[in-house]
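Count along the sequence shown from 1, add 131, and you get the number used in my numbering. Glycine included, every Cβ here is placed at the ideal spot set by N, Cα and C. Everything numeric in this text was worked out from a predicted model, so none of it was measured. The structure appears right after this line, and notes come after that.
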Amino acid sequence: MSGAILIVESDAALAQSLHDGLAGLGYTVELALHGGDGLMLASLSRPDVVILEADLCDRTGLEVMRQLHELDKSIAVVMLGDSGGDAARREALKAGAFDYLRKPVEAADLAHAVAAASQGSRPGVVVPFRNERRAAPAAPFDASGQPCAACGQAIPDLSRAVGYKRALFHPECWLQRRKQRAPGQPG
Numbered sequence: 132m133s134g135a136i137l138i139v140e141s142d143a144a145l146a147q148s149l150h151d152g153l154a155g156l157g158y159t160v161e162l163a164l165h166g167g168d169g170l171m172l173a174s175l176s177r178p179d180v181v182i183l184e185a186d187l188c189d190r191t192g193l194e195v196m197r198q199l200h201e202l203d204k205s206i207a208v209v210m211l212g213d214s215g216g217d218a219a220r221r222e223a224l225k226a227g228a229f230d231y232l233r234k235p236v237e238a239a240d241l242a243h244a245v246a247a248a249s250q251g252s253r254p255g256v257v258v259p260f261r262n263e264r265r266a267a268p269a270a271p272f273d274a275s276g277q278p279c280a281a282c283g284q285a286i287p288d289l290s291r292a293v294g295y296k297r298a299l300f301h302p303e304c305w306l307q308r309r310k311q312r313a314p315g316q317p318g
């Protein structure tokens with residue numbers, strides 16, 4: 132299998148387990164523990180499928196899904212929920228989720244849902260990317276070979292670089308830097 136998957140799940144252990152399972156199937160997988168971080172990564176990496184927890188710490192999965200679809204309607208969302216039953220499932224599907232799985236999710240069910248979503252996630256019409264919705268400014272056009280300000284390694288794909296305060300970062304390094312800063316202090 133191939134394709135880009137973004138997992139937005141507040142339970143770090145579950146997120147890592149899902150990451151390992153999907154990476155083992157050949158997918159490129161990125162993780163976010165909060166809805167805001169997930170939206171930022173989605174705006175940078177443009178995943179084929181987003182696996183999205185229904186009840187995140189900072190916002191609901193439905194809010195995140197609506198914002199994802201404002202960014203790009205072709206991103207397929209597989210929602211994961213552990214409460215709400217059939218009503219929550221119906222609401223998520225009505226709001227635009229590709230599928231809704233209940234926790235604890237079976238690995239085979241998730242693999243099947245992701246495979247189906249990645250096959251159907253790019254319909255003929257794609258909403259144009261809305262650059263003004265990016266969480267960080269776009270990377271400079273002429274910055275080929277620029278090193279990441281955090282780790283020093285070259286950034287091979289500038290379309291995924293995060294530009295912040297005249298520096299470029301890998302998305303993962305920028306998120307790590309953001310998590311390590313003290314609350315209330317600027318980035």
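Start-to-end residues for the alpha helix (DSSP H) that takes in leucine 154: Note on identity: in this sequence residue 154 is alanine, with leucine being the wrong assignment. Start and end: 143-155.
CA-to-CA distance, proline 302 to isoleucine 206, given in whole angstroms: 19 Å
Spatially closest choice to lysine 310 from Asp151, Ala135 and His165, by CA coordinates: His165
Cβ-based burial, glycine 101 [other Cβ within 10 Å; buried from 16]: With the chain represented from 132 up to 318, any question about residue 101 goes unanswered, as that position is not in the structure.
Alpha carbon of glycine 227 to alpha carbon of valine 180, nearest angstrom: 13 Å
Beta-carbon proximity check, valine 208 vs leucine 199, cutoff 8 Å: yes
Alanine 242 to leucine 153 span [Cα, whole Å]: 7 Å
Contact set for leucine 145: own chain, Cβ-Cβ below 6 Å, skip 5 residues either direction: none
C-beta contact flag for glycine 169 and valine 195 at 8 Å: yes
Residue range of the unbroken beta strand (DSSP E) whose run includes leucine 164: Looking at the DSSP string, leucine 164 is not in any beta strand (DSSP E), and its letter there is neither H nor E.
Anticipated Cβ contact below 8 Å, leucine 319 with alanine 223, distance rounded: Residue 319 cannot be examined here, being either before or after the span of the chain that is shown, 132 to 318.
Endpoints, beta strand (DSSP E) assigned at alanine 242: Note, alanine 242: premise wrong, no beta strand (DSSP E); alpha helix (DSSP H) at 238-251.
C-beta atoms of serine 148 and cysteine 188 nearer than 8 Å: no
Exposure of glycine 294, with buried meaning 16 or more beta-carbon neighbours within 10 Å: buried
Cα-Cα separation, cysteine 279 to leucine 306: 13 Å
CA-to-CA distance, lysine 225 to alanine 292, given in whole angstroms: 34 Å
Integer Cβ distance of glutamate 184 from leucine 211, believed to fall under 8 Å: 5 Å
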